[in-house]
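Enquirer:
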Amino acid sequence: MPDEPVPQDSIAPALLISMPQLNDPNFARTVVLLCQMGPDGAWGLVVNRPTGQAAAPVIEVEPPTERVTVKPSDRPAGAEGGLELWYGGPVQPDRGCLLLGAWPDDGEALELCEGLYISGSALVLRRMLGGPPPMRARLLMGYAGWAPGQLENELTQSAWLISSADLDIIFETPSEHMWEAAIRRMGADPSFLHMSPGVH
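What follows is the structure in structure tokens.
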């Protein structure tokens with residue numbers, strides 16, 4: 308997934324909270340961390356869809372490009388206390404990155420904002436797979452991508468609410484409550500959100 312610096316005039320980083328009329332199943336009731344938005348398009352990571360699958364048995368790091376991929380072999384039913392796989396989006400779902408709440412020891416990461424980092428480092432991933440992961444760590448497979456102008460059009464159609472990149476929402480709020488909590492954090496009641504014609 309892209310790793311260019313975030314443009315200074317971008318609304319990223321931010322949280323995109325899907326409105327009820329967003330009927331694409333990939334994004335219904337999702338909270339997306341918007342990582343980059345610019346003339347060439349936008350990309351982000353869905354942050355409220357854990358898979359319940361442990362990462363260690365199904366993840367491999369492929370040299371020399373250090374791609375993080377999912378093995379097509381047996382997938383466990385539960386994460387069992389280790390690093391868990393999270394659904395990051397429908398684009399390239401066999402590739403992953405780490406979303407971290409602290410700068411990794413090896414320094415290989417992109418800082419989105421204070422206290423929020425993305426890393427594709429195989430070294431960092433191997434270390435986390437080998438022991439208890441930090442509390443603020445997510446391994447997300449795939450990402451959400453928008454063509455030039457697509458996200459702007461969806462925002463015009465009120466498909467998304469925009470909020471600040473709140474680390475407590477991302478890392479501390481249970482995934483099943485995150486969508487509602489993010490909306491309430493903005494001072495809105497999810498039950499009163501306007502239902503207009505569908506998007507996508």
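Residue numbers (our numbering): 308 to 507. All C-beta atoms in this analysis are idealised placements derived from N, C-alpha and C, irrespective of residue type, glycine included.
What residue does the beta strand (DSSP E) around Ile324 start on, and which one ends it?
Expert: According to the DSSP assignment, Ile324 belongs to the beta strand (DSSP E) that extends over Ala321 to Ser325.
Enquirer: Pairs of beta-carbons, one from the region 409-425 and one from the region 357-369, closer than 8 Å: are there three or more?
Expert: no
Enquirer: Count the other CB atoms, across all protein chains shown, that sit within 10 Å of the CB of Phe499; report buried if there are 16 or more and exposed otherwise.
Expert: exposed
Enquirer: Spatial neighbours of Pro312 within its chain, please: CB distance less than 6 Å, with the 5 preceding and 5 following residues excluded, ordered by chain position.
Expert: Note that Pro312 scores 44 on pLDDT, short of 50, meaning its location in the model is unreliable; the coordinates nonetheless yield the value given after this. Closer than 6 Å at Cβ, skipping near neighbours: no residue.
Enquirer: Whole angstroms are fine: how far does the CA of Glu391 sit from the CA of Pro441?
Expert: 11 Å
Enquirer: Can you check which of these residues, Val338, Asn330 and Ser325, is closest to Asp473 by C-alpha distance?
Expert: If you compare the alpha carbons of Val338, Asn330 and Ser325 with that of Asp473, the shortest gap goes to Val338.
Enquirer: Can you tell me whether DSSP reads Glu421 as helix, strand or coil?
Expert: coil
Enquirer: If you run the structure through DSSP and keep just helix, strand and coil, what is Arg443?
Expert: coil
Enquirer: Beta carbon of Pro440: closer than 7 Å to some heavy atom of the ligand MG?
Expert: Although the ligand MG was asked about, the structure shown includes no ligands whatsoever.
Enquirer: Quick check: the region 319-333 against the region 475-492, are there 3 or more CB pairs under 8 Å?
Expert: yes
Enquirer: Tell me the residue span of the beta strand (DSSP E) that contains Asp490.
Expert: First, the residue type needs correcting, since residue 490 is Ile and not Asp in the sequence shown. First-last for Ile490: Ser482 to Arg492, but that is the alpha helix (DSSP H), not the beta strand (DSSP E).
Enquirer: Where DSSP assigns a beta bridge to Cys342, which residues make up the other side?
Expert: According to DSSP, which records beta bridges pairwise, Cys342 is partnered with nothing at all.
Enquirer: Assign Leu458 to one of three DSSP states: helix, strand, or coil.
Expert: helix
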